[in-house]
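Colleague:
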Amino acid sequence: MQTKHQKAHKILLHQENEFEQQKADYIGSLDCPSLKTENDSAKKQCYNRYTILQGEAVQTIDFSYVDSLLVKDSPNVVMVPSFDEAFVNIVTRELNTITGNYKIYLYGMPSWLEMSSLRLEYLDSLHLHYTTPYYLDRQSERYKEYEQAFIDSFHTLPSEVSMKAFDLTVYFGRLLNEYGPTFWRNFPPPASTDGLITSFNFQPIRDSTFNDTSYAERRTRMSREGQYRMIEPDSSIRLFKNRSIHMMRYKDFEVIHLK
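Residue 187 in this note's numbering sits at position 190 of the sequence shown, and the numbers go up by one each step.
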């Protein structure tokens, strides 16, 4: 979690089911890569920072134990990778009762703001943060120009789908223009790119059974030297995934874009 809360006291809170366990493992691995190792000592250090609480049902969560995990001398980041409305409802309610004793920053999911049973004042008092792959600044000159051009052409306001399509067309169109039909040999570009609603930062997803770092090393060296020339693709790559995300915060009952 590369934010201003990176050094805060962290707790991962989730239910004992496969989906939330996978989400929790992924979140932990972002800030603590040794979670992926088989080294028990390294894992212990990570789990001292990430205390994972598991229960077969919402009713089994012992929130008095959660209270005991929080600290008073530094911010507490409580990460809850859950889409279960009943579970999230109880977590936010219980955490809200102890916000007077601790500084708590709750990291959750963007869909929480659409859950009808959640108390928005709880999310506000818990400084809710969440990530989203898309963000639109309607006040930017770039968007205003795009919106007017879209209206002039189609006599209607642009939809989210049309903006995503525009971003993809511009992004890959520029690659085609610069490198031609074999642009995939130079993919992804060394720098991230911001579109209207989508930021692009493609990263390779590799076959875990393939262990060859020469491709990444060559690309890093060429990028550093300002030489971005055609090379053969890495056969260990299964696909490319856009890793760019936006950090949002719920503050004063409004959603604020942090980065």
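Don't be surprised by glycine CBs; every beta carbon is placed ideally from N, CA and C.
What three-state label does DSSP hand G170 in the structure shown?
Modeller: Correct three-state label for G170: helix.
Colleague: Could you name the residues of the same chain whose beta carbon sits closer than 8 angstroms to that of D121, not counting the 5 residues immediately before and after it, in chain order?
Modeller: Correct list, in chain order: Y247, K248, D249 and F250.
Colleague: Does S137 come out as helix, strand or coil in the three-state DSSP assignment?
Modeller: If DSSP states are grouped into helix, strand and coil, S137 belongs with coil.
Colleague: May I ask you to report which of helix, strand or coil DSSP gives F203?
Modeller: Residue 203 is actually Arg in this sequence, not Phe. DSSP places R203 in strand when its eight states are reduced to three.
Colleague: Helix or strand or just coil, what does DSSP make of I87?
Modeller: Looking at I87 - three-state DSSP - the assignment turns out to be helix.
Colleague: Would you list the one or two residues that DSSP bridges to T190?
Modeller: Partner(s): F197.
Colleague: Rounded to whole angstroms, what is the Cα-Cα separation between N198 and K238?
Modeller: Spanning the two alpha carbons is a distance of roughly 8 angstroms.
Colleague: With distance defined between alpha-carbon atoms, name the residue in S150, L165, N86 and S196 nearest to W109.
Modeller: Taking only the C-alpha atoms, the option nearest W109 is N86.
Colleague: Give me the Cα-Cα distance between Q42 and D22, rounded to the nearest whole angstrom.
Modeller: For Q42, the predicted structure reports a pLDDT of 47, less than 50, and the residue's modelled location is therefore unreliable. A value from the coordinates is still provided. Between Q42 and D22, the C-alpha separation is close to 15 angstroms.
Colleague: With respect to the alpha helix (DSSP H) encompassing L251, which residues constitute its N-terminal and C-terminal limits?
Modeller: In the sequence on display, residue 251 carries Glu and not Leu. It is not in any alpha helix (DSSP H) - E251 instead sits in the beta strand (DSSP E) that spans E251 to H254.
Colleague: Applying the 10 Å Cβ sphere with the 16-neighbour rule, what's the burial state of Q19?
Modeller: The residue is exposed, with fewer than 16 neighbouring Cβ atoms inside 10 Å.
Colleague: At which residues does the alpha helix (DSSP H) containing Y62 begin and terminate?
Modeller: Its alpha helix (DSSP H) spans residues F60 to L66.
Colleague: Which same chain residues end up closer than 7 angstroms to E118 when comparing Cβ atoms and leaving out the 5 residues on each side of it in sequence?
Modeller: Nothing listed; no residue qualifies.
Colleague: Out of D81, L92, F80 and V77, point me to the one whose CA is closest to S65's CA.
Modeller: Closest option to S65, Cα to Cα, is L92.
Colleague: Between L9 and M106, is the Cβ-Cβ spacing less than 7 angstroms?
Modeller: Contact flag unset, no.
Colleague: Just list the residues that DSSP pairs T128 with in beta bridges.
Modeller: M244, per the DSSP bridge assignment.
Colleague: Have a look at the DSSP bridge pairing and note the partners of F237.
Modeller: In the DSSP output, where bridge partners are listed per residue, F237 has P201.
Colleague: So, using beta-carbon positions, are I234 and R203 closer together than 7 angstroms?
Modeller: For I234 and R203, yes; Cβs fall inside 7 angstroms.
Colleague: Please name the residue or residues paired with G97 in a DSSP beta bridge.
Modeller: In DSSP, G97 forms no bridge with anything.
Colleague: Quick check on the DSSP output: the alpha helix (DSSP H) that includes D121 runs from which residue to which?
Modeller: Segment L117 to S122, the alpha helix (DSSP H) holding D121.
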